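A short worksheet on the structure shown next.
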Amino acid sequence: MGLQKAYEIAMVNGDYEKFKESQSTTPTTIVKLDAGVVTSADPTQGKDILLPPRYALCPPTLFIRIAAFLGASAVTLGAYGAHVLKPSGGMATIFHAANLYHFLHTLLLFMVSFSRYPRLTGTLLTLGIVVFSGTCYMHVFTESAQWMQATPYGGMLLIAAWTSFLL
């Protein structure tokens, strides 16, 4: 058995996963994941199967592209705020906080593949960045306080994204 054989995840329960192997004599095998090496729980198999790490089973290329776009937009907005907009007083504080959170969470979005549920974590991070930083940016650009009403929801999405790494 190797990487070239087709397999399908049928059940996820803790560290154990049930795989259906296309060329196996038994319909299913229960295996234990340990740092990318899968040890068969079936004593008749008796050998280790090397599989890619969990994050490679769901390659998050979409979130890498989103993170690249958000990173470029964070640099662009930071430069715009520093050289063109030049907010003053409280608006400058809000703008810098929005840009800092935008940068930090974009970097975290690059690491979403290490999450057990990368789609959940990536979605929460993307929405959190857009809602939190986006509403702060709009507040500074338009000087309208109505945008700040949605900012706490963005913060909650970012908190949920961080805690999704615990799942």
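When the letters of the sequence shown are read in order and numbered with the numbering used here, they come out as residues 30 to 196.
Glycine included, each C-beta is placed from N, C-alpha and C at the ideal position.
Given the structure is predicted, the values throughout are model-derived calculations rather than measurements.
Under DSSP, the alpha helix (DSSP H) around Ser162 begins and ends at which residues?
Note, Ser162: premise wrong, no alpha helix (DSSP H); not H, not E.
Given 8 Å as the limit, is there contact between the stretch 115-133 and the stretch 163-170, that is, 3 or more CB pairs closer than that?
yes
Roughly how far, in whole angstroms, is the beta-carbon of Ser144 from the beta-carbon of Thr150, given that I think they are within contact range, below 8 Å?
4 Å
Tell me the residue span of the alpha helix (DSSP H) that contains Phe98.
Thr90 to Tyr109 is the span of the alpha helix (DSSP H), which, as asked, contains Phe98.
Which same chain residues, not among the five before or five after Phe194, have their C-beta less than 6 Å away from its C-beta?
Contacts found: Ser144.
Taking the alpha helix (DSSP H) that His134 belongs to, which residues open and close that run?
Gly119 to Phe139
For Ala64 and Ser142, what's the separation of their Cα atoms in angstroms?
Residue confidence is low: Ala64 scores 49 on pLDDT, short of 50, so the model does not pin down where it sits. No coordinate-derived value is stated.
Determine the extent of the alpha helix (DSSP H) in which Ala179 is found, giving its start and end residues.
Where Ala179 is concerned, there is no enclosing alpha helix (DSSP H), given that its DSSP letter is neither H nor E.
Indicate whether Gly184 and Phe161 have their beta-carbon atoms separated by less than 8 Å.
Between Gly184 and Phe161, the gap from beta carbon to beta carbon is short of 8 Å.
I need the boundaries of the alpha helix (DSSP H) containing Leu154, first residue and last residue.
Pro147 to Gly157
Kindly indicate which three-state DSSP category Leu196 falls into: helix, strand or coil?
Correct three-state label for Leu196: coil.
Grouping DSSP H, G and I as helix and E and B as strand, with all else coil, what is Ser173?
coil
Who are the near neighbours of Gly107 in its chain, counting only those whose CB is closer than 7 Å to its CB and skipping five residues on each side?
Asn128
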